[in-house]
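What follows is a single structure, written as structure tokens, with notes after it.
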Amino acid sequence: MHQPALNLPPSYRASLRALVTYSKINILLVFIPLSFALHYTVDLHHQEVALFVFSALSIIPLAGLLGFATEQISHKTSDAVGGLVNASMGNVVELIVAAIGLRDCDIALVQSTLLGGLLSNLLLVLGMSFVVGGFRFHHQRFRIAPANVNSTLMTVAVVSILVPTAFSNYVDSRLRNDADSILWTSRAASIVLVLTDSHIVLQVVFQFFSHKDIFFEDEPTGSRCQCAAMRDKTNTAVALATLTICTVLAYFSAEHLVESLDGITKESNVSKEWLTLIVVPIVSNAAEHVTAVVVAAKGRFELALTIAIGSCVQIALFVIPVLVLVAWGLDKPLSLVFDPLETLCLFLSVLVVKFAVEDGRSHWLNGAVLLAVYVLIAISFWGYPEQTSVFVCP
1 MHQPALNLPP SYRASLRALV TYSKINILLV FIPLSFALHY TVDLHHQEVA
51 LFVFSALSII PLAGLLGFAT EQISHKTSDA VGGLVNASMG NVVELIVAAI
101 GLRDCDIALV QSTLLGGLLS NLLLVLGMSF VVGGFRFHHQ RFRIAPANVN
151 STLMTVAVVS ILVPTAFSNY VDSRLRNDAD SILWTSRAAS IVLVLTDSHI
201 VLQVVFQFFS HKDIFFEDEP TGSRCQCAAM RDKTNTAVAL ATLTICTVLA
251 YFSAEHLVES LDGITKESNV SKEWLTLIVV PIVSNAAEHV TAVVVAAKGR
301 FELALTIAIG SCVQIALFVI PVLVLVAWGL DKPLSLVFDP LETLCLFLSV
351 LVVKFAVEDG RSHWLNGAVL LAVYVLIAIS FWGYPEQTSV FVCP
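In UniProt numbering, the protein residues as written are 1 to 394.
In structure tokens form, the structure reads like this:
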């Protein structure tokens with residue numbers, strides 16, 4: 001009886017060919033050297049606008065290649081592991097923005113960019129995934145248990161921001177040293193989050209040890225595409241090298257993009273608050289956006305959901321409190337007190353997402369609702385004034 005041939009990993013030549021021919025957007029890679037050249041040239045009129053545009057265009061193909069490499073790695077693992085890896089890779093740009101903001105003691109830049117990243121992942125990335133997947137599949141099915149776990153973790157993340165913000169706005173008038181009290185509360189809460197509510201620790205233990213049967217059982221029938229396109233197109237070595245190189249290039253491109261923000265606000269009527277809350281997170285979340293939409297179009301809804309919500313949980317339960325503690329060590333007044341309107345929008349967004357995934361099914365209309373909420377938030381913040389903080393940098 002004829003035995004089917006074993007699936008051997010692609011050769012290096014085939015892997016490189018797959019990378020080059022992955023998508024037509026690879027043509028935008030030419031903007032990487034252009035953005036580097038602009039960054040290191042003498043200041044010219046309108047150079048900041050050109051640098052912003054070129055850096056953003058260079059991040060788009062890098063995000064696509066990051067998504068392609070992550071998808072290839074996830075073929076050899078479960079969707080939960082692949083989603084966790086992709087969510088971790090997607091937070092690199094947020095860390096760049098936070099580092100620049102902490103260096104310049106621009107607390108509003110740090111907070112609005114991080115919260116904008118949460119809104120972008122919850123509404124834009126997940127909404128686009130549901131819309132694209134809904135056009136190819138009548139219903140998108142995923143397991144209820146892991147979806148509820150991620151929703152619960154995201155609720156805890158919102159509480160970690162909502163409580164200090166409410167404390168600041170409703171009790172500060174009764175405190176003598178309100179700024180010191182708020183900083184003390186935020187730093188104490190950050191320590192608790194890092195030690196007990198860290199997504200890195202709790203979800204790894206929960207998924208891989210105590211409740212791995214919830215996450216690693218077979219997916220529902222019809223939720224995973226078994227077509228020929230799901231075969232490996234690159235070997236593991238090329239996929240890992242692609243992840244590393246693209247991450248480094250995305251790092252510098254995103255840094256150039258952030259450095260051009262002040263010049264844009266001076267040359268136009270666009271507010272820095274809107275850019276940091278809406279535009280910068282969209283560009284920085286391009287990796288999650290591209291990957292989640294691509295895998296959703298192929299029927300891998302578990303991976304798309306893990307990418308979008310998993311990245312949010314990592315930012316809110318790990319990245320933000322760690323940055324508060326790092327800022328404490330640098331004597332910078334970064335706290336868990338965010339802008340009240342931004343915090344309210346995040347709270348309502350989490351509720352909408354929780355209702356959309358709680359039954360283990362979704363369709364294109366759910367995605368359209370998420371996108372509509374995101375557009376409404378973007379319109380509301382178009383003319384929103386820059387935050388004023390009670391904290392003063394030393």
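All C-beta atoms, glycine included, are put in the ideal place defined by N, C-alpha and C.
Is residue j closer than 8 angstroms to residue i when the C-beta atoms are compared?
{"i": "His-363", "j": "Gly-134", "result": "yes"}
{"i": "Phe-381", "j": "Glu-273", "result": "yes"}
{"i": "Asp-22", "j": "Leu-65", "result": "One detail in the question is off: residue 22 reads as Tyr in this sequence, not Asp. For Tyr-22 and Leu-65, yes; Cβs fall inside 8 angstroms."}
{"i": "Gly-117", "j": "Ile-315", "result": "yes"}
{"i": "Ala-292", "j": "Ala-304", "result": "yes"}
{"i": "Leu-109", "j": "Ser-349", "result": "no"}
{"i": "Leu-346", "j": "Leu-115", "result": "yes"}
{"i": "Leu-325", "j": "Ile-191", "result": "yes"}
{"i": "Val-375", "j": "Thr-165", "result": "no"}
{"i": "Leu-122", "j": "Ala-372", "result": "no"}
{"i": "Gly-67", "j": "Val-294", "result": "yes"}
{"i": "Ala-57", "j": "Phe-36", "result": "Just to set this straight, residue 57 is Leu in the shown sequence, not Ala. No, these two residues do not count as a Cβ contact at 8 angstroms."}
{"i": "Val-357", "j": "Val-369", "result": "no"}
{"i": "Val-290", "j": "Ala-63", "result": "yes"}
{"i": "Ala-157", "j": "Leu-341", "result": "no"}
{"i": "Ala-69", "j": "Ala-297", "result": "no"}
{"i": "Leu-29", "j": "Phe-54", "result": "no"}
{"i": "Thr-234", "j": "Gln-72", "result": "yes"}
{"i": "Val-270", "j": "Val-97", "result": "no"}
{"i": "Glu-48", "j": "Ile-278", "result": "no"}
{"i": "Leu-51", "j": "His-256", "result": "yes"}
{"i": "Arg-361", "j": "Arg-141", "result": "yes"}
{"i": "Ile-25", "j": "Val-283", "result": "no"}
{"i": "Val-131", "j": "Glu-288", "result": "no"}
From what residue to what residue does the alpha helix (DSSP H) around residue i run?
{"i": "Phe-52", "result": "47–74"}
{"i": "Cys-393", "result": "Careful: Cys-393 lies outside any alpha helix (DSSP H) and carries neither H nor E."}
{"i": "Gly-299", "result": "Gly-299 -> no alpha helix (DSSP H), and no H or E assigned at all."}
{"i": "Phe-318", "result": "Counting along the chain, Phe-318 falls outside any alpha helix (DSSP H), and DSSP gives it neither H nor E."}
{"i": "Pro-281", "result": "280–284"}
{"i": "Leu-118", "result": "107–119"}
{"i": "Leu-261", "result": "261–267"}
Give me the DSSP bridge partner(s) of residue i.
{"i": "Gln-140", "result": "Ser-362"}
When burial is assigned at 16 or more other CB atoms within 10 Å of the CB, is residue i buried or exposed?
{"i": "Cys-393", "result": "exposed"}
{"i": "Thr-244", "result": "exposed"}
{"i": "Arg-103", "result": "exposed"}
{"i": "Val-20", "result": "exposed"}
{"i": "Asp-232", "result": "buried"}
{"i": "Asn-150", "result": "buried"}
{"i": "Lys-332", "result": "buried"}
{"i": "residue 462", "result": "Coverage of the chain is limited to positions 1 through 394, which leaves residue 462 absent and any answer about it impossible."}
{"i": "Asp-339", "result": "buried"}
{"i": "Ala-254", "result": "buried"}
{"i": "Val-248", "result": "exposed"}
{"i": "Phe-355", "result": "exposed"}
{"i": "Leu-38", "result": "buried"}
{"i": "Ala-237", "result": "exposed"}
{"i": "Asp-359", "result": "exposed"}
{"i": "Leu-275", "result": "buried"}
{"i": "Leu-8", "result": "exposed"}
{"i": "Ile-377", "result": "buried"}
{"i": "Ala-189", "result": "buried"}
{"i": "Asn-169", "result": "exposed"}
{"i": "Thr-152", "result": "exposed"}
{"i": "Thr-41", "result": "exposed"}
{"i": "Ser-15", "result": "buried"}
Give the secondary structure of residue i by DSSP, where H, G and I count as helix, E and B as strand, and everything else as coil.
{"i": "Lys-233", "result": "coil"}
{"i": "Gly-383", "result": "coil"}
{"i": "Asn-169", "result": "helix"}
{"i": "Lys-24", "result": "helix"}
{"i": "Val-337", "result": "coil"}
{"i": "Asn-148", "result": "helix"}
{"i": "Lys-272", "result": "helix"}
{"i": "Thr-41", "result": "coil"}
{"i": "Lys-332", "result": "coil"}
{"i": "Leu-8", "result": "coil"}
{"i": "Asp-104", "result": "coil"}
{"i": "Arg-224", "result": "At Arg-224 the pLDDT is 44, less than 50, meaning the model places this residue with poor confidence; the figure from the coordinates comes in the next sentence. It is coil, neither helix nor strand."}
If we cut at 8 angstroms on Cβ distances, does residue i have a partner in chain D?
{"i": "Leu-376", "result": "Reference to chain D is not applicable here, since this structure consists of a single protein chain."}
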